[in-house]
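Residue numbers (our numbering), protein chains in the order written: chain A, 1 to 637; chain B, 638 to 1274.
C-beta: ideal position from N, C-alpha, C; glycine also.
Take a look at the structure below.
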């Protein structure tokens, strides 16, 4: 391969320890509660049985053709748990699954439990809808993670044979099919497989999938005709990001999870192949997605219909789909761009999505999940759900893509916290715990002590094997305007150190060097671009990386009637009994006197208003008490 | 029949002359352009051919089972034109249609060109969906109007035989079917037929249909089973207002046109039978519809899905369905309640709907029609229409119910302007022209000279045959706070005269008595109930009965960015070249500097704004220049 375009590479999950602080308990809940919960749901709904070769009579309302991907994401999450610490029972469970999978593998390397059990004659006949490459991609990711965690190779060997089979079936060479997946995933999985195996052929295969996508004539249309389908396809080609070759795509389009996975795969391929036109396309699509089509929570894909991106500045709040998987996909994309560009813009978006639109996807107790993540809930009759989902988190879904996705992200969070590059160690996220990194050819221990994002102070302890000169890059969040730094107790002017969003401290690091970073977190009033008409005249409250929202349980009903005066003071304070101990934001607001208004719809005279307390809680934690109205964007008057 | 509950009865169309002023040109366009345009569309799309007994191969995308109603509404409109003035060609055209209809009538009286031509064996087997009673009702209305206009009885005789047939088929007596229509209309038509014929049996039949509706077990469900249908019905019973007996219905529910027709029929039956429980139900449903579920334009039925009422205070603007036919139906309902109660509340709503959500349904040139009447249009990609219809008015629709409905309302406008009661003449609407009424047993000429609603002054000339004491009731619109009256030049304190929204002038009227009514029309800022969350922080501008809106053609794009300061002066001025001469409202507003904002989505700092002119035009006239954004509710800051 040509030299990689990546400036940085992420830390290994096993090299990072997360404990206490904001994330420790969440990650422990993920390990101890969420991962077992998900497995129980697999058993309940029949997907593990499918791996065992047992059919059920009916899969009504579920999507058994996606099951391999669900189980794979769970296996990947479990592998990260093992990478962070031993768990013999969990390892046995994975081994059993690997055994079932290996048994189901065809002699030509093909793996897909659904097709093998139900439609063996239809392999590779419907790339558009049937998710074989997507499922295979997730299994590859799981296999790579499991090999890294345990050193065991069986799973990885199974998936290498699968990848080789895919390589033998798809491509531009004579006799191969010029197909590509309807749901992207295999692209980034193949790059991971290359990292795990050193086999450059997998990057070439990923590159083929990326480059073939969207070419005319459409493979999906040809394939549909071969299946005997006539009439219009159920979704436009843009749903699959297949409306144009990827380098000609100018805006983030279609199904938002697919889009995020594609762009992540594009970034991976660009990084490995040194393809700067592909990287330029990634940057263009990044800007479209994050500067014109992203909720303040980091959610993307505003429409339920097609689970998709719509158009610039179209960010409705109540019907915001903002699928948990799409925010996770945005973290993936941001994380990859961050490794390539070493630029805080990507870290800022990664942090925004992680602390808001991703974390909102799972309940505090780890047993309930959000598929859609609306930014407003209004009072409506039962069953009237503008996102297609009830506002309360659910224990499972007919299409359960989100729960194992959030489980694997949380289980691998360490990877997103640290990176290393030539002569550089980077801290992207402030998370209590530590990491053992290799910088400049030697081992460096980095230790963070912090209650971030609740509190502004981050203490970082640097322990190199021996004194050496290298750069420690600390992300200065875009939301922070008054960051301050001291090194070994000595205040250090920050401005001269900051380039591309990181304070870059280049010095000879010694054992016991200590950095104190302060990231003051006043309550900020956030406004949306004036073209986002749904948010016009409204303000969102943000403190540090956390976006806040008002809930009915704290503020009563009719949240849209609540007006926060422009100049009103806003106070952040720790409320130990609120949501397991959270910082709430309080301020004086105004609301209408509904009694005085009376039973008329329209008035031309003044009506009575009264003072009211506004109490806002972190959006990520909403809906953990009782269901009711919710609003991120509060009227400002 | 028992004594009617009606205090008033409307003037006959032929007794009222409308000329000049606001309405004269619109009614002339209706006569000279719209009515011929609609007939041409019937010929083009095959509905007249169906009356001739000629089938077409395909009716794809149209609803031939509703065609009789479309043609009937057109015939009714044409009859009113004839009632207002002779037109031999038009009369011949109606006679030819009557001839075709009479020829198609079955020996038992059944009339329905669609069933007769296509499904003769399926008569009365699907009352829920197939609109036979609805079509018949419209034909009855047309027949009554045509008989009144021309004195010719053929059409009326055909429809009497039809009504007798219906009476023989439906009812509670043994051997009859206990059905009722899926789309209401026959109820009010039968009461009209009673008025035209004196045959009380038709009122009893209407009463039966009203009383039978919504009883358990459901006729629609029984009927569906008899057709062999299994599984869920495509719409809930509330769609047809058949979820409960009408006296137990507490809120306006379901398809909004059907609801309005039902409530109109209920009011008619209550009035004729003296049934006060039924009248109480009408009042309840009136309050639900108009105090909790009506747009400021008088539009009702906020959801496209099911063309229906949703729930209290749910009045989204961009996706407002607010079907033209539903606003027309609200005029019907209001007009009936007004005759019963003689109360200005009904006149106010009738006027609001007429001048806004009804009149917006037809273009100034009379050749384009709105089906949905949204209160906001935002910039969206082509084909993305939240109401299901493009924002520009269309020359025709697959389901063309609205064009002939608005044509018959405009052609019969005089009926809504004047009423008479015992010793009373009433003026509900201020419309230039005159009327010949019978008050207290003698002929009275009332003449209005006014440019209302553009200008505040209304001159009314009263000419009784001979001096006599009676009451002239003049509606003082609810929007008017400073009305002033003078009689024969002498200012007359208004407050002591006003009861139930009307100034009631009881005196001995003499020829050449002259009243000058002034209804000052400052620009009003209207606010919606604080529970209407879509309008929170927004203001609508109203002057007189006209609700205004901002259009992109006058104000540029991004209308939601426009902020009207709370205290900003608003100036109304006649703009002779605007929309054929209209009064526009102008004021100073603020908008954001989009350049300065830049290519980011969210900001926490202040951004630059600049002064901007707001120009608003009457909502009824929007979309007559070029398509673009539109907003009734403007942000107020």
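Query: Closer than 8 angstroms, CB to CB, is residue 972/B near chain A or not?; Result: no
Query: In the DSSP output, which residue or residues are listed as bridge partners for residue 1092/B?; Result: DSSP, once it has assigned bridges, lists no residue as partnering residue 1092/B.
Query: Since residue 1198/B meets chain A, which of its residues come closer than 8 angstroms, beta carbon to beta carbon?; Result: 530, 531, 533 and 536
Query: For a contact meaning CB atoms closer than 9 angstroms, what does residue 948/B contact in chain A?; Result: 379, 380, 381 and 384
Query: Pull the bridge partners of residue 1107/B from the DSSP assignment, please.; Result: 1144/B
Query: Out of 1220/B, 1048/B and 1234/B, state which residue places its alpha-carbon closest to the alpha-carbon of residue 651/B.; Result: 1048/B
Query: Check the Cβ-Cβ distances between residue 604/A and every residue of chain B, and say whether any is below 8 angstroms.; Result: yes
Query: Measuring alpha carbon to alpha carbon, tell me which of 137/A, 156/A and 234/A ends up nearest residue 144/A.; Result: 156/A
Query: Taking DSSP's pairing of strands, which residues face residue 679/A in a bridge?; Result: There is simply no residue 679/A to check, as chain A begins at 1 and stops at 637 in what is shown.
Query: Under the rule that 16 or more other beta-carbon atoms within 10 Å means buried, what is residue 1148/B, buried or exposed?; Result: exposed
Query: Strictly below 7 angstroms CB to CB, what residues from chain A border residue 931/B?; Result: 601
Query: Alpha carbons only, please: which of 336/A, 257/A, 507/A and 322/A is nearest the one belonging to residue 372/A?; Result: 322/A
Query: Going by DSSP, what residue range makes up the beta strand (DSSP E) through residue 1185/B?; Result: 1183-1188
Query: Ordered along the chain, which non-local residues of its own chain (more than five positions away) have a Cβ less than 8 angstroms from that of residue 764/B?; Result: 770, 816, 817, 818, 819, 856, 857 and 860
Query: For residue 1156/B, collect the residues of the same chain with a Cβ closer than 6 angstroms to its Cβ; drop the 5 residues on either side in sequence, then sort them by chain order.; Result: 1093, 1117 and 1120
Query: Based on Cα-Cα distance, which residue from 982/B, 970/B, 644/B and 929/B lies nearest to residue 1046/B?; Result: 970/B
Query: Given residue 944/B, which residues of its chain have a CB within under 8 angstroms of its CB, disregarding the five upstream and five downstream residues?; Result: 892, 893, 894, 938, 958, 960 and 963
Query: Considering only their Cβ atoms, is the gap separating residue 1085/B from residue 1062/B smaller than 8 angstroms?; Result: no
Query: Does the distance from the C-beta atom of residue 905/B to that of residue 824/B stay below 8 angstroms?; Result: yes
Query: Going by C-alpha to C-alpha distance, which of 596/A, 79/A, 622/A and 93/A sits closest to residue 377/A?; Result: 622/A
Query: Taking residue 335/A as part of the alpha helix (DSSP H), name the residues at either end of that continuous run.; Result: 324-341
Query: Starting from the Cα of residue 215/A, find the closest Cα among 577/A, 231/A and 245/A and give me that residue.; Result: 245/A
Query: Could you check whether the Cβ of residue 1229/B sits closer than 8 angstroms to any Cβ belonging to chain A?; Result: yes
Query: Got a sec, what are the start and stop residues for the alpha helix (DSSP H) residue 519/A sits in?; Result: Here residue 519/A belongs to no alpha helix (DSSP H), and DSSP marks it neither H nor E.
Query: Just tell me which of 720/B, 1175/B and 1209/B has its CA closest to the CA of residue 1159/B.; Result: 1209/B
Query: Any beta-carbon of chain A closer than 8 angstroms to the one on residue 1274/B?; Result: yes
Query: Looking at residue 747/B: is its Cβ nearer than 8 angstroms to the Cβ of residue 981/B?; Result: no
Query: For residue 207/A, which residues from the same chain have a beta carbon less than 7 angstroms from its beta carbon, with the 5 sequence-adjacent residues on both sides left out?; Result: 269 and 273
Query: For residue 527/A, does the three-state DSSP call read helix, strand or coil?; Result: strand
Query: Which stretch, first to last residue, makes up the beta strand (DSSP E) that contains residue 568/A?; Result: Note, residue 568/A: premise wrong, no beta strand (DSSP E); not H, not E.
Query: Grab me the residues of residue 297/A's own chain with a C-beta within less than 8 angstroms of its C-beta, minus the 5 sequence neighbours each way, in chain order.; Result: 322, 327, 352, 353, 356, 357, 360, 373, 375, 547, 619 and 632
Query: Counting only C-beta atoms, is residue 1283/B closer than 8 angstroms to chain A at any point?; Result: Residue 1283/B lies beyond the range of chain B shown here (638 to 1274); nothing can be said about it.
Query: Report buried or exposed for residue 617/A, applying the criterion of at least 16 other Cβ atoms within 10 angstroms of its Cβ.; Result: buried
Query: Let me know the alpha helix (DSSP H) ranges lying completely inside the segment 157-234 of chain A, each 4 residues or longer, listed in chain order.; Result: 186-197, 201-212 and 219-226
Query: Which class does residue 446/A belong to by DSSP, given the choice of helix, strand or coil?; Result: strand
Query: Evaluate residue 694/B with the Cβ neighbour count: other Cβ atoms within 10 Å of its Cβ, from every protein chain shown; 16 or more gives buried, anything less gives exposed.; Result: exposed
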